[in-house]
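Colleague: Mind looking over this structure? Questions follow.
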Amino acid sequence: MIELTEQQVQAISNSEAGPIHLVHPGTKEAYVLIRADEYQHLKDYDDSPWTREELQALAWERVKHEDWEEYDHLTEKP
Numbered sequence: 112m113i114e115l116t117e118q119q120v121q122a123i124s125n126s127e128a129g130p131i132h133l134v135h136p137g138t139k140e141a142y143v144l145i146r147a148d149e150y151q152h153l154k155d156y157d158d159s160p161w162t163r164e165e166l167q168a169l170a171w172e173r174v175k176h177e178d179w180e181e182y183d184h185l186t187e188k189p
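All you need for the working numbering is the position in the sequence shown, starting with 1, plus 111.
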């Protein structure tokens, strides 16, 4: 398990129970950090193995109303 930095703790504390967006500084790949209970809910949604496309579709449904303009500087959209 990875321990959060102080900046990450502040981001989680300031969020309104929404996902936290992270960017890998080396690859500029975007990630979404969600609470463990939300992850478990998604994981328990179906007990069959999920394809990458299915996981991406679920992730999109979860964050489709988020403001993605802050990621416009990235070469590839999340």
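The beta-carbon is built from N, C-alpha and C at its ideal position, and this holds for glycine as well. Values in this document were obtained by computation on a predicted structure and should not be read as measured data.
Closest to His-152 by C-alpha separation, out of Gly-137, Arg-173, Ala-141 and Asp-183, would be which residue?
Modeller: Of Gly-137, Arg-173, Ala-141 and Asp-183, the residue nearest in Cα terms is Arg-173.
Colleague: Are there any heavy atoms of the ligand PLP lying less than 7 angstroms away from the beta-carbon of Gln-121, as far as the coordinates show?
Modeller: Among the components modelled here there is no ligand, and therefore nothing to report on the ligand PLP.
Colleague: Nearest to Leu-169 by CA position, among His-184, Leu-115, Val-143 and Glu-181, is which residue?
Modeller: Ranking His-184, Leu-115, Val-143 and Glu-181 by Cα distance to Leu-169 puts Val-143 first.
Colleague: I think Ile-131 touches Ala-122, with their Cβ atoms under 8 angstroms apart; what is that distance to the nearest whole Å?
Modeller: 5 angstroms
Colleague: In this structure, does DSSP put Ile-145 in helix, strand or coil?
Modeller: In this structure, Ile-145 counts as coil in the three-state DSSP scheme.
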